[in-house]
Amino acid sequence: MNSQKPLIIQSDRTLMLEVGHPGYVECRDFLALFAELVKSPEFIHTYRVTPLSLWNAAALDVEFKKIVEGLETFSRYGIPSNVIVDMREWFETYGKLVLQKVSQDLLELEVKDSRILERIINNKSLEHFWVDNDGLPGLFIPQVKRGDLKHALIKTGYPVKDLCGYLDGERFDLTLRSIDLEGNSFAMRDYQKEAVDLFYCAGQKTGGSGVIVLPCGSGKTIIGLGTVAAISNHTLIIATNNVSVGQWRNELLSKTNIKDSDIGEFTGRVKEIKPITITTYQMLTYRRSKDEPLHNLEIFTEHNWGLIIYDEVHMLPAPVFRATTAIQARRRLGLTATLVREDGKEDDVFALIGPKRYDVPWKTLESRGFIAQAICTEFRVSLSPVEELNYAHADKRAKFRIAAENERKKELVCELMENHKGENILIIGQYISQIEKLAKELKLPIIMGKTREDEREKLYEDFRQERIKILVVSKVANFAVDLPDASVMIQVSGAFGSRQEEAQRLGRILRPKERTSHFYTLVSKGTVEQSFGSNRQLFLVEQGYRYQIRYF
Amino acid sequence: MKPEPNLTPINIDKLSVFSNKYDLRQDLHAFVEYVKEHEIKRSHRSNALPGADTKRLAKLMSDPFAIKEVETDGFSSWVNYVDELALLLRFVKYDNVGSYAGYSSHQSSFPDNYIEFNTKKYEEFIDLQVLEQEKNLLEILLKNYFDGNNEFYMKSVLGRLSGFPTWGSRTGIMPGLDFARGRRFLIEILQYCKAGVWYSTSSLIQYLKKHHPFFLIPQMPKYESKWDAEKGRYGNFHERTEKSGNGTNISEHDADAFERVEGRYVERFLEGLPLNLGYIEVAYSTKEYKGFLPEMDRLLAFRVNDKFLHVMSGEIKEPRVIVQPNFEIHVESELYPARTLSQLTKFADVVTKDRTSILKLQKKKVLTQLSQRDDLDVIKLLENLSGKELPQNVRIELEEWAGVSEAFTLYENVVLFEGDRELPDIDQFTIESISPAMRIVHSPDRLFAHLEQKELIPLHIKHQSSALTLLPEGAHTVFPKQEPGVLKSKAGEKAKVKKPVTIKREVQITYRFLTKEFMEEFHKGLIAARCPVAVDWSKLTLTFASQYEPEVKKVSNTLKTDYAIKIEEIA
C-alpha cells in the first residue's frame, strides 16, 4: 500500500480521492478533466468515470495518454486492468463520428470506424435520418435533423463531434462596464473569463455550445453577461422564474452598457422581443390545455438569435429539450451548479446543449474567497407535551405539519437572531401560516407569493441596503433572489426531500463575505421531520459542507 | 544463492490477455457465509453441490461470469474450486471419499452428505491479520496436490491449456515429486519481476533450464519400483497428436526435453495458482495451435502486480477504516478485509466490495445489535476501528439510536389500562404500574369482563397501526378525545371542519318464484329456519337481507332432495 499517493481506483471506474493527502489539490485538478465529482464528504471524495465524462474530456481536447499517465502517477495501487481498457474504448468513440456541413441544408455524418459505420447503417431506428445526395456515397442528413440525429446517436452510445458551425444571429453590440451602476468597480474574475473563453473558443466551430458548471454564488450570471458581450448577437435568456428574470435584467443594466429599452421580457406579464430577451421555462411550455401545441416554443425559431442561454440547465424541461433539437445552429450556453439531473437525463444535456466546457470545484472558490464558507447546523427541537400528544394521534400528513410548526422553534429563532445580531438574516419556511405568525410575533417584514411585486422589490432593496437586517420569506425565495449580504439562513420548515431546494437555499448565503455563513435548520426532535432531514444532512455533507447536529 | 533472473520484457499487442476478475478471498468468504446459513446436502452419486445452491452461490461470486457459466453448463468451475478450497482450509466438513453402495458402477456414493460449517476453524482464520490469512491461503494451495492432481495433468480452473494424458500419472517419478517445493521456487522467482511489466514466458523457461534445471524433477528421482525407474525422468510424459491417442515419449536426452516437460509445467503453473490468487495476468498466443499436445508455447507472457509483490515482501497493511460524515464506512485494504467486514456488516450494508469497500451505516441494523447486546458501544467500536473520533453528526445520530434502544421495553400481548380512580382488585392483571391511574396489564378480555361485572362501564380502544385512535368525547382520560376539527384545522388550514355522517348499507336479495306451490314450500322452510323474510304473494317474491343468505342456501339445499333447483340471475 503506497499511502504516498492520494487516489484509489476501483474496478468499477469509481475514483476515491483522499482529501487530507498532500497531493489532493493536484490530483483533484487532474480528475476534473475527465471525471464527474459524485460526492465530496469530509475525508474521501468520490469521482466517477463515465462515457459522458470522457466524451466531455475528448471534446475539450484532453489527450487520453495524459489521463492514463495521470492515473498512474496518482494511483495508490495498480490500476485494475479493465479500467484503462474500458476508458480507452469510450474515449476513442468520441471523434469517430463527425458532423460536417455539405451545403446550407445538408449535413454529412462522417464515421471514421468501419465497425461503427456498419452498426449505424444497420440500425433501423436511424434509417429515417439518411437522405440521398445525388447518389454520392456517405451518410447525409437534412440540416433540420441535426439535433435529432445527435440525440438519437448518443442514445445508441455514439457521441457526435459537431463541426457544422453556427448561424450568426442579428448583431447587437454590448460591452461590460468597468464601473457598475451602483458605482462599484467591476471586472470578471479570472475563472469567469476563462469560462467565457473556453465556451466561445474565439468564435471557432469547436466552441459555441456547452455547459458551465459553477457553484451557487460564484457568479454564473456574470459569465452569461460575458458570453453575450463576446458574441454580441441577439440573445435569448431562459431563466427559472419571474424573479430570476428580474435579476438578469438588473444585472444586464448594472454591468453592461445595454439600454433598458433593448431588454425584452417574454413572460406572463409582458410579451416583447428585444435584442436581449429574457423568458422562463414555464412560459415556454405554457399552453391553455393539454391538447394545444406549445406555441411559445416558436420563440426559438421565429427570431434570429445568435445565442441562447439556459440558466439552471439541470432544470430544463422535456419540451424545451425537444425544441432545442431544432436550434442546433444557434450557440447555446447552459449554466448550472450541478450536471446531476433528478431525471438522469445528463446525456440529453450533452447531446443537445453541448459538452461541459468549464468546471471549478467549489472548495477552490471558497479557499480563494470567491464564495463564503458555510457551516450547516441542524437543531433538534423537542415538541411540547401537548404537541407530543397531538403528534402521536395525528395521521402521517398531519404529523409532518405538527412537527414543522413546533411552537418552540420560535424561541430558538429568537436565540439565533440574538447570537447573530447585526448580521443579515433570512428566515425561510414552508408553511405560510407558520411564517406569517412568526413574522407577526417577532415584528419582522415578510415576503410571500402573494406579496405585491412593488412591495417585494422594496423589501429586497431595503434588505440589500441593510435598512432591514432580518427578512422572513416563504419558498418564493428558493430561486434567484439576489440577496448579496445574507450571511445567516434559518430554515424553520421545508420540504427537505429535494436536493435542489436545499442547494438553492444554501446558495442564498454563499456570496462572498468576510464572515462565515451559517445555515440553520430547525427540526422537531424524534419526528418525521427529523427523518426527512436525514436526506438533507446527506446531501449537504456529500456536497462537502460541515454539518453539525445540536439540541434545543 | 540464485542468480537474479534476467527475464525479457515482451510486447503483448498481438496476444490475448487474460486477467482473473474473481477475488478468491471474497468468494471464499461468501461461500462460507452461505454454507453457514444453509443446510446443503451434496448429491448422492457425484458429491456435487446441488443445482439450486450452485446457482445462488454463483450469484454471490465476484465475477458475474460464474452465473453465466451455471446458466449455460449447469455448474461453475469457480464455485467448485472455492468449494474445494473451503474444505482444504477446513472451514467446512463433508465426506469426500464416499462408500461403495453396491451399484454396477465402481464409483463411490455419498449418502446424506451434508456440509457442516466449522465455526472454530473459520473464526480462527478471520481473526488473523490479512497478511497472515493470505499466507495461510497460499500455503494451502502450494501444498495442494495428490495423485494426478497437479499442473501436468489437471487443467487449471481459469486456465486454457490441457494436460498430459493421465495414464500412469500415479507411477514413475510422480509419487516422489515435491510440487510444493517446485511451486514455491517459481513464486520466489516471480518476486524478481517488476509489477506491471509483461515478461516472456520463454525467457523464464530458459532461465530455469540454464540455472535451475532440477527445480521440479530431481536429477536423480526417487522411484517406488524398478519398473518406475526404468521409465526414467520423463517417462510419465507422452506427447500426442490430435488423432493419435497414445503419443510419443519424451527422451531426457532430447535437446528440447526441458521445454517440453518443465516448460509445459511452467505455462500451466502460471495459469494456475498465481492467476487464481490474482497475483498475475497472462497473455496467450492468438495463432492456431498445430504442434503436439498438450499445447506448449501458448502462454507467451505474464506480468505480476503490486499485490503479489506486497504479499511476498510482507508489505500488506491491515485494513484502514474511515467513517465519513455521510454515514459511509470506507474500508481500504489491498486484500479482502474479511474480519473488518464481518464486524461492520452487523451495523452497515455493503455498497461496494473492492480495494475500498464501502458500507453504509443502517439504523435498523444498529438498533438490532443494540437490543441484542447490552454492553455494545457502537461509537467506541467504530472509533477503535478507524483510529479517530467519528464525525460529529454521525456520533450524535448513533447516540440517538442508542438512546432509542434504551428508551423502550417491549411487552407483548399487553394493553395500557387507564382508570380515573384506584382499582386495587386489578392488581392480579397488572404487569407494571405507570401512575396511580395507569398500568400495563395482561389478559385484556378477562379484565374487561371483570370490570363489566363490577359495573364500571369500561371502554376497550383498539388503535390503528399508523396512529393512535382518539377516545370518545365523554371518556375519562388524559389522552386527546374526539373533538372534530381541532386536529384537522391544525393539520391543514384549508381543510373544512366536516360533520360526521354515517350511512349504513344493506343488500337485499329477492327470489322470484314461478309457482306459488314451490314458493309456499320454500317460505315454510325459511320460517322453520327462523330466517326473516319479506313475502309478496302477488309478485311471488321472497326478499331477505344478504346476511341471511347462508340460511337461505341451507333451506334450498334441503329442498334439493325433492326438486332440481336452478337459480338464475335476472340481468
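Residue numbers (my numbering), protein chains in the order written: chain L, 1 to 552; chain R, 553 to 1123. Note that the Cβ used here is the ideal one computed from N, Cα and C, for glycine as well.
With DSSP collapsed to three states, give me the class of residue i.
{"i": "Phe810 (chain R)", "result": "helix"}
{"i": "Pro51 (chain L)", "result": "helix"}
{"i": "Asp454 (chain L)", "result": "helix"}
{"i": "Gln548 (chain L)", "result": "strand"}
{"i": "Glu415 (chain L)", "result": "helix"}
{"i": "Ile79 (chain L)", "result": "coil"}
{"i": "Glu1045 (chain R)", "result": "Residue confidence for Glu1045 (chain R) is low, a pLDDT of 48 falling below 50, so the modelled location carries little weight; the figure read from the coordinates is stated next. In the structure shown, Glu1045 (chain R) sits in coil (DSSP, three-state: anything other than H, G, I, E or B)."}
{"i": "Ser433 (chain L)", "result": "helix"}
{"i": "Pro142 (chain L)", "result": "strand"}
{"i": "Asp625 (chain R)", "result": "helix"}
{"i": "Glu686 (chain R)", "result": "helix"}
{"i": "Phe669 (chain R)", "result": "strand"}
{"i": "Thr277 (chain L)", "result": "strand"}
{"i": "Asp579 (chain R)", "result": "helix"}
{"i": "Asn801 (chain R)", "result": "strand"}
Output needed for residue i: all residues of its chain with C-beta closer than 8 Å, excluding positions within five of it in sequence on either side, in chain order.
{"i": "Glu1045 (chain R)", "result": "Confidence at Glu1045 (chain R) is low in this model, with a pLDDT of 48, below 50, so its placement is unreliable and the value that follows should be read with caution. Nothing meets the Cβ criterion."}
{"i": "Lys1042 (chain R)", "result": "Because Lys1042 (chain R) sits at a pLDDT of 46, beneath the cut-off of 50, its placement in the model cannot be relied upon, and the point is left open."}
{"i": "Tyr963 (chain R)", "result": "Ile983, Glu984 and Ile992"}
{"i": "Pro319 (chain L)", "result": "Leu284, Thr285, Leu294 and Leu297"}
Could you tell me which residues DSSP pairs with residue i in its beta bridges?
{"i": "Thr904 (chain R)", "result": "R:Ile910"}
{"i": "Thr377 (chain L)", "result": "L:Tyr520 and L:Gln548"}
{"i": "Thr1062 (chain R)", "result": "R:Thr1095"}
{"i": "Asn701 (chain R)", "result": "R:Phe698"}
{"i": "Phe617 (chain R)", "result": "For Phe617 (chain R), which the question treats as bridged, DSSP gives no partner whatsoever."}
{"i": "Arg855 (chain R)", "result": "R:Glu833"}
{"i": "Val873 (chain R)", "result": "R:Val883"}
{"i": "Pro561 (chain R)", "result": "R:Tyr751"}
{"i": "Val488 (chain L)", "result": "L:Ile425 and L:His518"}
{"i": "Met990 (chain R)", "result": "R:Glu970 and R:Ser987"}
{"i": "His45 (chain L)", "result": "L:Leu17"}
{"i": "Arg171 (chain L)", "result": "L:Asn233"}
{"i": "Thr560 (chain L)", "result": "Because chain L spans 1 through 552 in this model, residue 560 (chain L) falls outside it and cannot be assessed."}
Here's a check: name, in chain order, each residue in its chain whose Cβ is nearer than 6 Å to the Cβ of residue i, leaving out the five neighbours to either side.
{"i": "Phe969 (chain R)", "result": "Arg991 and Val993"}
{"i": "Val1038 (chain R)", "result": "Because Val1038 (chain R) carries a pLDDT of 47, less than 50, the predicted location of this residue cannot be relied on, and no value is offered for it."}
{"i": "Val883 (chain R)", "result": "Pro871, Val873, Pro889, Thr892 and Ser909"}
{"i": "Gly208 (chain L)", "result": "Tyr166 and Arg331"}
Which same chain residues, not among the five before or five after residue i, have their C-beta less than 7 Å away from its C-beta?
{"i": "Val966 (chain R)", "result": "Ile983, Ile992, Val993 and His994"}
{"i": "Ser53 (chain L)", "result": "Phe34, Ala35 and Glu36"}
{"i": "Tyr705 (chain R)", "result": "Gly715, Phe716, Thr718 and Ser721"}
{"i": "Ile179 (chain L)", "result": "Ser185 and Phe186"}
{"i": "Asp575 (chain R)", "result": "Ser614, Gly830 and Tyr888"}
{"i": "Tyr1063 (chain R)", "result": "Thr1093 and Leu1094"}
{"i": "Ala363 (chain L)", "result": "The displayed chain sequence assigns Lys, not Ala, to residue 363 (chain L). The answer, listed in chain order, is Gly544."}
Does the stretch 436-454 of chain L come within contact of the stretch 503-518 of chain L, defined as at least 3 CB pairs closer than 8 Å? In this structure the stretch 436-454 of chain L does not touch the stretch 503-518 of chain L; the number of beta carbon pairs closer than 8 Å is below three.
For the stretch 23-35 of chain L and the stretch 45-54 of chain L, state whether three or more C-beta atom pairs, one from each stretch, are separated by less than 8 Å. Short answer: they touch.
Can you give, in chain order, each stretch of the alpha helix (DSSP H) that sits fully within the stretch 717-777 of chain R and has at least 4 residues? Qualifying alpha helix (DSSP H) stretches, in chain order: 731-742 and 753-763.
Minimum length 3: unbroken beta strand (DSSP E) runs contained in the stretch 53-119 of chain L: As summarised for the stretch 53-119 of chain L, the continuous beta strand (DSSP E) elements at least 3 residues long and confined to that stretch are 97-101 and 106-111, given in chain order.
Can at least three beta-carbon pairs, one atom from the stretch 555-571 of chain R and one from the stretch 579-598 of chain R, be found at a separation below 8 Å? No contact exists between the stretch 555-571 of chain R and the stretch 579-598 of chain R.
Taking one C-beta from the stretch 632-650 of chain R and one from the stretch 659-679 of chain R each time, how about it: are there three or more such pairs within less than 8 Å? Counting Cβ pairs under 8 Å, three or more are found: they touch.
Starting from the N-terminal side, write out each stretch of the beta strand (DSSP E) that is 3 residues or longer and does not extend beyond the stretch 185-262 of chain L. As for any beta strand (DSSP E) of minimum length 3 sitting wholly inside the stretch 185-262 of chain L, the runs are 209-213 and 235-239, ordered along the chain.
Quick one: which unbroken beta strand (DSSP E) runs of 3-plus residues sit fully inside the stretch 286-312 of chain L? Chain order, please. DSSP runs (the beta strand (DSSP E)) wholly in the stretch 286-312 of chain L: 307-310.
At 3 residues or longer, and completely inside the stretch 343-374 of chain L: list those beta strand (DSSP E) runs for me, N to C. 356-359, all fully within the stretch 343-374 of chain L.
Indicate whether the contact test is met: 3 or more Cβ pairs, each with one atom in the stretch 384-401 of chain L and one in the stretch 1020-1033 of chain R, closer than 8 Å. Short answer: they touch.
Indicate whether the contact test is met: 3 or more Cβ pairs, each with one atom in the stretch 844-854 of chain R and one in the stretch 807-817 of chain R, closer than 8 Å. Touching, per the Cβ criterion.
State whether the stretch 737-749 of chain R contacts the stretch 788-795 of chain R, with contact taken as three or more CB pairs (one from each stretch) at a distance under 8 Å. By the criterion of at least three beta-carbon pairs nearer than 8 Å, the stretch 737-749 of chain R is not in contact with the stretch 788-795 of chain R.
Do the stretch 193-206 of chain L and the stretch 169-178 of chain L touch if we need at least three Cβ pairs shorter than 8 Å? Counting Cβ pairs under 8 Å, fewer than three are found: no touch.
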